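Participant:
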Amino acid sequence: MALLEVDGLVKHFVAERSLLGRPRAHIKAVDGVSFSLEAGKTLALVGESGCGKSTVSRLVLRLIEPDAGRIRFEGRDLLALDASALRAFRRQAQIIFQDPYASLNPRMTVGQILTEPLALHDLLPATQRRQRVEELLRLVGLEPRLALRYPHEFSGGQRQRIAIARALAVEPKLIICDEPVSALDVSIRSQILNLLRELQDRLGLAYIFVSHDLAVVKHIADRVAVMNLGRIVETAEADALFAAPRHPYSRALLSAIPVPQPQAKRSTILLQGEMPSALNPPSGCRFHTRCPFVIDRCRREEPQLVADGTGHATACHRVAELPPPGAILPKGGGFSPALAKLVAAFSRKTEGADASGVGIQDASPPTM
Amino acid sequence: MSAAPLIEIEGLRVRFHGDDGRVTHAVDTIDLSVANGATLGIVGESGCGKSVTSLAIMGLLPKQSAEVTGAIRFDGFDLLQAPDQTLRDLRGNRLAMIFQEPMTSLNPSFTIGDQIIESILRHRGGSRKSARERAIELLRRVHIPSPERRIDEYPHKLSGGMRQRVMIAMALACDPRLLIADEPTTALDVTLQAQILELMRELKAASGAAIILITHDLGVVAEVCDEVAVMYAGEIVERAPVDELFAAPQHPYTVGLLGSIPRLDHRAEQLATIEGMVPNMAQPPSGCRFAARCPFVLEACTKAPPPLAEVGHGHLSRCIRAPLERLVS
Chain A
0 MALLEVDGLV KHFVAERSLL GRPRAHIKAV DGVSFSLEAG KTLALVGESG CGKSTVSRLV
60 LRLIEPDAGR IRFEGRDLLA LDASALRAFR RQAQIIFQDP YASLNPRMTV GQILTEPLAL
120 HDLLPATQRR QRVEELLRLV GLEPRLALRY PHEFSGGQRQ RIAIARALAV EPKLIICDEP
180 VSALDVSIRS QILNLLRELQ DRLGLAYIFV SHDLAVVKHI ADRVAVMNLG RIVETAEADA
240 LFAAPRHPYS RALLSAIPVP QPQAKRSTIL LQGEMPSALN PPSGCRFHTR CPFVIDRCRR
300 EEPQLVADGT GHATACHRVA ELPPPGAILP KGGGFSPALA KLVAAFSRKT EGADASGVGI
360 QDASPPTM
Chain B
0 MSAAPLIEIE GLRVRFHGDD GRVTHAVDTI DLSVANGATL GIVGESGCGK SVTSLAIMGL
60 LPKQSAEVTG AIRFDGFDLL QAPDQTLRDL RGNRLAMIFQ EPMTSLNPSF TIGDQIIESI
120 LRHRGGSRKS ARERAIELLR RVHIPSPERR IDEYPHKLSG GMRQRVMIAM ALACDPRLLI
180 ADEPTTALDV TLQAQILELM RELKAASGAA IILITHDLGV VAEVCDEVAV MYAGEIVERA
240 PVDELFAAPQ HPYTVGLLGS IPRLDHRAEQ LATIEGMVPN MAQPPSGCRF AARCPFVLEA
300 CTKAPPPLAE VGHGHLSRCI RAPLERLVS
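Protein chains in written order, with numbering that gives the first Met the number 0: chain A, 0 to 367; chain B, 0 to 328.
#1: Between the beta-carbon of Ile174 (chain A) and the beta-carbon of Leu183 (chain A), is there less than 8 Å?
#2: Does DSSP classify Gly358 (chain A) as helix, strand or coil?
#3: According to DSSP, is Tyr231 (chain B) helix, strand or coil?
#4: Which runs of the beta strand (DSSP E) fall wholly inside the stretch 74-149 of chain B and span at least 3 residues, in chain order?
#5: Is the shortest distance between the beta-carbon of Val232 (chain A) and the beta-carbons of chain B less than 8 Å?
#6: Can you tell me which of the three DSSP states Ala352 (chain A) falls into?
#7: With DSSP collapsed to three states, give me the class of Val223 (chain B).
#8: Return the Cβ separation of Ile231 (chain A) and Ser254 (chain A) in integer angstroms, given the expectation that the two are a contact with Cβ distance under 8 Å.
#9: What residue range does the alpha helix (DSSP H) around Phe245 (chain B) cover?
#10: Any beta carbon of chain B sitting closer than 8 Å to that of Asp184 (chain A)?
#11: When the cut-off is 8 Å and only beta carbons count, does Gln192 (chain B) lie next to chain A?
#12: Check the Cβ of Ile256 (chain A) against every Cβ in chain B and list those closer than 9 Å, keeping chain order.
#13: Phe245 (chain B) CB to nearest chain A CB: under 8 Å?
#14: State buried or exposed for Asp27 (chain B), treating a residue as buried only when at least 16 other CB atoms are found within 10 Å of its CB.
#15: Could you give the residue range of the beta strand (DSSP E) that holds Asp200 (chain A)?
#16: Whole beta strand (DSSP E) runs in the stretch 208-243 of chain A with 3 or more residues, listed along the chain?
#17: Among B:Val254, B:Ser328, B:Ala281, B:Pro175, which one has its Cα closest to the Cα of Cys318 (chain B)?
#18: Is Ile70 (chain A) helix, strand or coil when you go by DSSP?
#19: Report the residues of the stretch 279-305 of chain B with a CB closer than 8 Å to any CB of chain A, ordered along the chain.
#20: Would you decide whether Thr309 (chain A) is buried or exposed? Buried here means 16 or more other CB atoms lie within 10 Å of its CB.
#21: Assign Asn106 (chain B) to one of two classes, buried (16 or more other C-beta atoms within 10 Å of its C-beta) or exposed (fewer than that).
#22: Roughly how many whole angstroms lie between the Cα atoms of Ala290 (chain B) and Glu274 (chain B)?
#23: Among the residues of its own chain, which have a CB less than 8 Å from the CB of Leu39 (chain B), if the five just before and after it don't count?
#24: With a threshold of 8 Å between beta carbons, is Glu197 (chain B) in contact with chain A?
#25: Using 8 Å as the threshold, is the C-beta distance between Ser53 (chain A) and Val209 (chain A) below it?
#26: Would Asp242 (chain B) pass as an interface residue toward chain A - the criterion being a Cβ-Cβ separation below 8 Å?
#27: Hey, which unbroken runs of the alpha helix (DSSP H) at 4 residues or more fall wholly within the stretch 111-162 of chain A?
#28: When DSSP builds the beta bridges, which residues end up paired with Glu237 (chain B)?
#29: Starting from Gln93 (chain A), follow the alpha helix (DSSP H) in both directions and report where the run begins and ends.
#30: Going straight from the alpha carbon of Phe245 (chain B) to that of Ser266 (chain A), what length do you get?
#31: Can you list, in chain order, the residues of its chain with a C-beta nearer than 7 Å to that of Tyr231 (chain B)? Leave out the 5 residues immediately preceding and following it.
#32: Whole angstroms is fine: what's the gap from Gln360 (chain A)'s alpha carbon to Arg292 (chain B)'s?
#33: Can you have a look at Lys62 (chain B) and say buried or exposed, based on whether 16 or more other CB atoms are within 10 angstroms of its CB?
#34: Rank A:Val342, A:Val169, A:Gly203, A:Glu178 by C-alpha distance to the C-alpha of Ala329 (chain B) and give the top, closest one.
#35: Evaluate Leu145 (chain A) with the Cβ neighbour count: other Cβ atoms within 10 Å of its Cβ, from every protein chain shown; 16 or more gives buried, anything less gives exposed.
#36: Rounded to whole angstroms, what's the CA-CA distance from Ser316 (chain B) to Pro322 (chain B)? Just pull it up for me.
So this is what it looks like as structure tokens:
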């Protein structure tokens, strides 16, 4: 049985009200999204701003209430839970946000931040909580003595580690990672990605990884769902999707990512025009205004997400007739043997007794 | 590099004097030059001094707190010595800049047409009518649909990608010789980023302007730059032609950066990480600034600052252990 099953999720936000308070216009943020997630696996939701990926992640935790659809966690219907059952569920599922500067209370010490979920769910007797806080800090690669510090004393990467420790405090089965590395510098980003993977292996966590960065997604995801304007347009195992993307939108997204390989020969698909508004999504296929393969049927009829035998599903009328994806991703981009060895010198484990990377900064962290 | 570079920066230093008397060494002895029609990328992480360098070139650093020394020669002027009047004549004319956040760099209370026309009238003169025609032409050049109508719209009516196009149109208003683009696509979605990068390539081919592109994204560098300077803690640690830099980097920091990005083109089980912190720039270390985080560090590295030395044709590295290949052979 899947850990999480989502079926036909819909969320429309009221964008405009009449004088009497009647809704006049809706933003169709999520419009019929279904997926499932196995325990211990990572599902990535990818797409551009406004595609509804963050809304889905909040619906799954019932941080906002869906208008329609079903969410099952370990077979239980989440939408039927009352307040106390919902609180119990939140022990099983946690969330990490994009901005580690905004998601930690500046007036609480790290120790207090990590103790709060333990106290809230009454998990440990008060006497053992301090020890648990130390364990949690070690788990995310921070020194236990840092429990007495305040969030502003940490750099962005360290704050994200604290946010991860807080999510882990209640020993959840599912963590929703909403753009967890987008605000971080590249060298820090890799530390957090490595940490998330290590924790998954060690604790058997499932992740829903929300991101706009397909290179990061390729690194971390087992399965990928590509979203456009509130709907999933393609979903597949990560390897299959990156090897041969089928939906024209997935192809355009992949081909648009700059690859750090100057001599790369690849075909770039430049989309024309702007992303339509979710306030008034196009009729038929929502991608038809930007799709290079559009035919008349696409404008009239909304394509359904149809899976083939391998579980690779695409919502496109023309999926069978599309040309092969070609060289969207450059081949053979590996490092030279010498460079690979040099890079390996930087690949120490992110965690352990050697705490060289996790001291405290003596100056305030640089800002962008 | 050709004989006469368009812009030549020599020994540029920027120090910020804080209210509490603390001095931050934001940029330290930078030498750079860009030839006509070339694109130079400056890469580095937050706080490495890349944006400060671009603001110093434009003369946009606050005079009270920023102490700028060295020389920036452009078009026969030393920009650091030039009077304000000369700088105002150059900026927006032969020297133009695009910023990261197009919403905060456009004035919300004027139409985009007003803002482009203002720049044309200031530098080129002529009638308002002909300036308006040129503005429409510029909007067309950056592929804004129905520019005759769009020119009278306010910035808030445009999407992020459109606003960045307007910024580019404005920068191009007087056919600049040098365009400085500071993270021009960072705030945009990838499909829009691809459009804007394509636009920059197209415009460069058409106008022959030189570009200094400031970014943290090595993918963007690989796609559009001819030459790259990598900055760390206020210094240039490596400079090389783009192919060289990605194939055989000669500074450990560059190696660490390349290893730490997740890649679409090949898969690494574990990403490289650069442990430790950027040094405190109020008291930069006396030796190599990367020494504390470097896996190849020697005692000599912490003794004296390493020079930026040539390790190959046009390839400079600030590392006494270069060429790095011999460390692993």
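Don't be surprised by glycine CBs; every beta carbon is placed ideally from N, CA and C. Keep in mind the model is a prediction, meaning the values are calculated, not measured.
Facilitator: Put simply:
#1: The residue labelled residue 174 (chain A) in the question sits at position 175 within the first sequence. The residue labelled residue 183 (chain A) in the question sits at position 184 within the first sequence. No.
#2: If you number the first sequence from 1, residue 358 (chain A) lands on position 359. In this predicted model, Gly358 (chain A) has a pLDDT of only 38, less than 50, meaning its place in the structure is not dependable enough to derive any value.
#3: Position 232 of the second sequence holds residue 231 (chain B). If DSSP states are grouped into helix, strand and coil, Tyr231 (chain B) belongs with the strands.
#4: Secondary structure in the stretch 74-149 of chain B: the beta strand (DSSP E) runs of 3 residues or longer, each lying completely within the stretch, are 94-97 in chain order.
#5: To locate residue 232 (chain A), count along the first sequence from 1; it is residue 233. No, Val232 (chain A) does not count as interfacial toward chain B.
#6: As a first step, residue 352 (chain A) is located in the first sequence; it is residue number 353 there, counting from the start. Interpretation of Ala352 (chain A) is limited by its pLDDT of 33, a score under 50 that renders its predicted location unreliable; the figure taken from the coordinates is listed afterwards. Coil, per DSSP.
#7: As a position in the second sequence, residue 223 (chain B) is number 224, starting the count at 1. It is helical.
#8: Against the first sequence, residue 231 (chain A) aligns to sequence position 232. Against the first sequence, residue 254 (chain A) aligns to sequence position 255. Actually they do not touch by this definition, with Cβ atoms about 20 Å apart.
#9: For the purposes of this step, residue 245 (chain B) is taken as residue 246 along the second sequence, with counting starting at 1. That run of the alpha helix (DSSP H) goes 241-246.
#10: What you label residue 184 (chain A) is simply residue 185 of the first sequence in a count that begins at 1. Interface residue, yes.
#11: For this step, residue 192 (chain B) is matched to residue 193 along the second sequence. Chain A, which has a Cβ nearer than 8 Å to the Cβ of Gln192 (chain B), makes this yes.
#12: Reading the first sequence from its first residue, position 257 is the one you call residue 256 (chain A). Contact annotation for Ile256 (chain A) against chain B: Val189, Gln192, Ala193, Gly218, Leu263 [CB-CB distance below 9 Å, chain order].
#13: Numbered from 1 along the second sequence, position 246 holds the residue referred to as residue 245 (chain B). Phe245 (chain B) counts as touching chain A.
#14: What you label residue 27 (chain B) is simply residue 28 of the second sequence in a count that begins at 1. Buried: at least 16 other Cβ atoms inside 10 Å.
#15: Looking up residue 200 (chain A) in the first sequence gives position 201. First-last for Asp200 (chain A): 185-202, but that is the alpha helix (DSSP H), not the beta strand (DSSP E).
#16: 222-227, 230-236, all fully within the stretch 208-243 of chain A.
#17: Position 319 of the second sequence, counted from the start, is the residue given in the question as residue 318 (chain B). Closest option to Cys318 (chain B), Cα to Cα, is B:Val254.
#18: Position 71 of the first sequence, counting from 1, holds the residue named residue 70 (chain A). The three-state secondary structure of Ile70 (chain A), taken from DSSP, is strand.
#19: Taking 8 Å as the upper bound on Cβ-Cβ separation, chain A lies near residues Asn279, Met280, Ala281, Pro294, Phe295 of the stretch 279-305 of chain B.
#20: Translated into the one-based positions of the first sequence, residue 309 (chain A) becomes position 310. Per the 10 Å Cβ criterion, exposed.
#21: By 1-based counting over the second sequence, the position of residue 106 (chain B) is 107. Sixteen is the threshold: since fewer than 16 other Cβ atoms of the shown chains lie within 10 Å of the Cβ of Asn106 (chain B), the residue is exposed.
#22: Here residue 290 (chain B) refers to the residue found at position 291 of the second sequence. Here residue 274 (chain B) refers to the residue found at position 275 of the second sequence. Taking the straight line joining both Cα atoms gives about 11 Å.
#23: Sequence index remark: in the second sequence, residue 39 (chain B) carries index 40 (1-based). Once the five neighbours on either side are set aside, the close Cβ partners of Leu39 (chain B) are Leu31, Val33, Ala209, Ile210, Ile211, Leu212, Cys224, Asp225, Glu226, Val227, Ala228.
#24: Translated into positions along the second sequence, residue 197 (chain B) becomes position 198. Answer yes: the Cβ-Cβ gap between Glu197 (chain B) and chain A drops below 8 Å somewhere.
#25: Here the question's residue 53 (chain A) lines up with position 54 in the first sequence. Here the question's residue 209 (chain A) lines up with position 210 in the first sequence. Yes, the pair counts as a contact, with Cβ atoms nearer than the cut-off.
#26: As a position in the second sequence, residue 242 (chain B) is number 243, starting the count at 1. Output row for Asp242 (chain B): interface = yes.
#27: 125-138
#28: Counting from 1 along the second sequence, the entry for residue 237 (chain B) is found at position 238. Note: Glu237 (chain B) sits in a beta bridge opposite B:Val229, B:Ser316.
#29: The residue labelled residue 93 (chain A) in the question sits at position 94 within the first sequence. Segment 92-95 is the beta strand (DSSP E) holding Gln93 (chain A); no alpha helix (DSSP H) there.
#30: For this step, residue 245 (chain B) is matched to residue 246 along the second sequence. For this step, residue 266 (chain A) is matched to residue 267 along the first sequence. Distance between the alpha carbons of Phe245 (chain B) and Ser266 (chain A) is about 20 Å.
#31: Here the question's residue 231 (chain B) lines up with position 232 in the second sequence. Closer than 7 Å at Cβ, skipping near neighbours: Gly43, Cys47, Tyr252, Arg288, Phe289.
#32: One-based indexing of the first sequence puts residue 360 (chain A) at position 361. One-based indexing of the second sequence puts residue 292 (chain B) at position 293. Confidence is the limiting factor: at Gln360 (chain A) the pLDDT is only 38, short of 50, which leaves the residue's position unreliable, though a coordinate-based value still follows. One C-alpha to the other measures close to 14 Å.
#33: Position 63 of the second sequence, counted from the start, is the residue given in the question as residue 62 (chain B). Exposed, since its Cβ has fewer than 16 Cβ neighbours within 10 Å.
#34: Chain B is shown from 0 up to 328; residue 329 (chain B) falls before or after that span and cannot be answered.
#35: Within the first sequence, numbered from 1, the residue matching residue 145 (chain A) stands at position 146. Classification of Leu145 (chain A): buried, given that the 10 Å Cβ count is 16 or more.
#36: On the second sequence, residue 316 (chain B) is found 317 positions in, with the first residue counted as 1. On the second sequence, residue 322 (chain B) is found 323 positions in, with the first residue counted as 1. So the alpha carbons of these two residues sit roughly 9 Å apart.
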